[in-house]
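Below: the structure, in structure tokens.
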Amino acid sequence: LPVAGHDVRVRADARITRDGARGIRTEIGGIRLSVGDLATFQPGTGPADGLHLTEKSAKALREQTAKVKALFGVREITRRLGVPQQAVDAALRSDDKLHEVTGTPRFVHDLMRINLIDAALDHPELLRRLGFDPGLLTSLSTLTRPQLADQLTLGFHLPELPTQTGTVGLSDVRVTKEGIHVRLKG
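The end of the sequence shown is residue 245 by this note's numbering, with every number in the run present.
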């Protein structure tokens, strides 16, 4: 689905189980949004959660001097990247020094670990400088519980029937492209 000019793919793990003779329980977790080849988004508050560059976009960013300088202009980013202030100052003055810092094997890995939502909330212009539509930050930062959670559990039970009328139960629980199908028996 398109979001802020990018194709977004949603991936999640779902587990459907029986809950007694008359109930079904669905657990959904591992939710991840892929924003084209640019970034991934996982809801939650852990270090792997949030908006992170993909390896492809981190490598491409490393080659774009103006964008790396925009990143290096934000002290919080360089602190998270582990780049000493002296090296940042030298890199901002010299393209050769900049390429020396960004050419290290750890740079792409460390860049992928930065949660861009946290960084962009403090520095809103950062996403625009990196080539992201500012609407993307707005869209993703508003995805809070219950709209998008890191885990979701749904379930239902058939109601009790009056004792003289018999019983109703569920059987043949199946998942297809069209949804969850359950056969009623009783």
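Backbone N, C-alpha and C fix where the C-beta goes; we use that ideal spot for every residue, glycine too.
No experiment lies behind these values; they were computed from the predicted model shown.
Legend entry - Counted within 10 angstroms of its Cβ, other Cβ atoms place L175 as buried (16 or more) or exposed: Counting C-beta atoms within 10 angstroms of its own C-beta, L175 has 16 or more neighbours from the protein chains shown and is therefore classed as buried.
Legend entry - Contact set for L112: own chain, Cβ-Cβ below 8 Å, skip 5 residues either direction: Correct list, in chain order: L97, A98, L120, L170, M171, I173, L175.
Legend entry - Beta-carbon proximity of F131 to T124, cut-off 7 Å: Result no, Cβ atoms of F131 and T124 do not sit closer than 7 Å.
Inset, instruction - Pick helix, strand or coil for R91, following the three-state DSSP scheme. - result: In the structure shown, the three-state DSSP call for R91 is strand.
Legend entry - Cutoff 8 Å; reference A71; Cβ partners in own chain excluding five residues on either side: Same-chain partners within the cutoff: I87, G88, G89, I90, R91.
Legend entry - Coarse secondary structure for D231, derived from DSSP in three states: When secondary structure is reduced to three states using DSSP, D231 falls in the strand class.
Legend entry - In DSSP terms, what L110 is bridged to: Answer is F100, bridged to L110.
Inset, instruction - Within its chain, find whatever has a CB closer than 8 Å to the CB of G162; leave out the 5 residues flanking it on each side and keep chain order. - result: These residues qualify, in order along the chain: R121.
Inset, instruction - Grab me the residues of T212's own chain with a C-beta within less than 6 Å of its C-beta, minus the 5 sequence neighbours each way, in chain order. - result: Closer than 6 Å at Cβ, skipping near neighbours: E86.
Legend entry - Contacting residues, own chain, Cβ-Cβ under 7 Å from L220 (five flanking each side not counted): Once the five neighbours on either side are set aside, the close Cβ partners of L220 are T226, V227.
Legend entry - From V94, A179, G105, residue whose alpha carbon lies closest to that of R134: The shortest C-alpha separation from R134 is found at A179.
Inset, instruction - Verify whether the separation of the beta carbon atoms of K126 and L186 is less than 7 Å. - result: No, the Cβ-Cβ distance between K126 and L186 is not below 7 Å.
Inset, instruction - Return the bridge partner residues of L243 from the DSSP annotation. - result: DSSP, once it has assigned bridges, lists L229 as partnering L243.
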